[in-house]
Amino acid sequence: MPPTVTDSRYRTAMEDVPVGEYYVPLGKARTVLEGSDVTLVGWGQQVLVLEQAAQQVREQDGISCEVIDLRTLIPWDVSAVVDSVNKTGRLIVSHEAPVTSGFGAEVVATISRNCFLRLEAPPTRVCGLDTPFPLVFEPIYLPSVPKLIHAIREVVNF
Numbered sequence: 836m837p838p839t840v841t842d843s844r845y846r847t848a849m850e851d852v853p854v855g856e857y858y859v860p861l862g863k864a865r866t867v868l869e870g871s872d873v874t875l876v877g878w879g880q881q882v883l884v885l886e887q888a889a890q891q892v893r894e895q896d897g898i899s900c901e902v903i904d905l906r907t908l909i910p911w912d913v914s915a916v917v918d919s920v921n922k923t924g925r926l927i928v929s930h931e932a933p934v935t936s937g938f939g940a941e942v943v944a945t946i947s948r949n950c951f952l953r954l955e956a957p958p959t960r961v962c963g964l965d966t967p968f969p970l971v972f973e974p975i976y977l978p979s980v981p982k983l984i985h986a987i988r989e990v991v992n993f
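To get this note's numbering, take the position in the sequence shown, counting from 1, and add 835.
Right, here's the structure in full:
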């Protein structure tokens, strides 16, 4: 049985990892799901949430989402996100950190400058709230599948 990597903070994130030696290349994103209507960008636990939201809007609304896992933030794979947004014309960035001063702002700023003439809707961030929170309220604080589905529908119907 292959080993698995788990993190107690991310109770729902458990995936198989390759057997033997492997590495994650710095600055190289992974396209998790190909799509044509909207680009969803995230990293860490949020990628699994993006995948779930993408699957639900595909089944319920026929919306095709491209899901990109940045994997590393410094450096981050600007060209992979630019290529995807040039294809879809739309961008949603999601992370667990507060929306203000979160890394998603850097992604949105970079994509706005590089893809401005190709954008069909304003780039959107679905992130944590700008407030301290106790763990008991984590489901309210964190970006969730329903929050993402709402954002996807808004961006696609802009």
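Note that CB positions come from ideal geometry on N, CA and C, so glycine has one too.
Distance between residue j and residue i (C-alpha atoms, nearest Å)
| i | j | result |
| --- | --- | --- |
| T945 | E973 | 29 Å |
| E886 | S947 | 24 Å |
| Y858 | G877 | 19 Å |
| G879 | I984 | 19 Å |
| V934 | G897 | 28 Å |
| F968 | S936 | 17 Å |
| V995 | G939 | The displayed coordinates of the chain run from 836 to 993. Any statement about residue 995 would go beyond what the structure contains. |
| H930 | F951 | 22 Å |
| V913 | N949 | 9 Å |
| A994 | Q881 | Residue 994 lies beyond the stretch modelled for the chain, which goes from 836 to 993, so this question has no answer here. |
| N992 | D851 | 36 Å |
| I987 | V854 | 36 Å |
Same chain only: Cβ atoms within 6 Å of residue i, ignoring 5 sequence neighbours per side
| i | result |
| --- | --- |
| T874 | E901, S919, V920, T923 and L926 |
| A932 | G963 |
| S899 | G870, S871 and D872 |
Collapsed DSSP secondary structure at residue i in the structure displayed
| i | result |
| --- | --- |
| P969 | coil |
| L926 | strand |
Close Cβ partners of residue i (< 7 Å) along its chain, the five nearest in sequence each way excluded
| i | result |
| --- | --- |
| P910 | L861 and G862 |
Closest residue to residue i among the options (Cα-Cα distance)
| i | options | result |
| --- | --- | --- |
| V942 | V917, V884 and V854 | V917 |
| V884 | P978, P957 and T966 | P978 |
Any contact of the region 905–913 with the region 851–868, i.e. 3+ C-beta pairs under 8 Å? Taking a contact to require three or more Cβ pairs closer than 8 Å, the region 905–913 and the region 851–868 qualify as touching.
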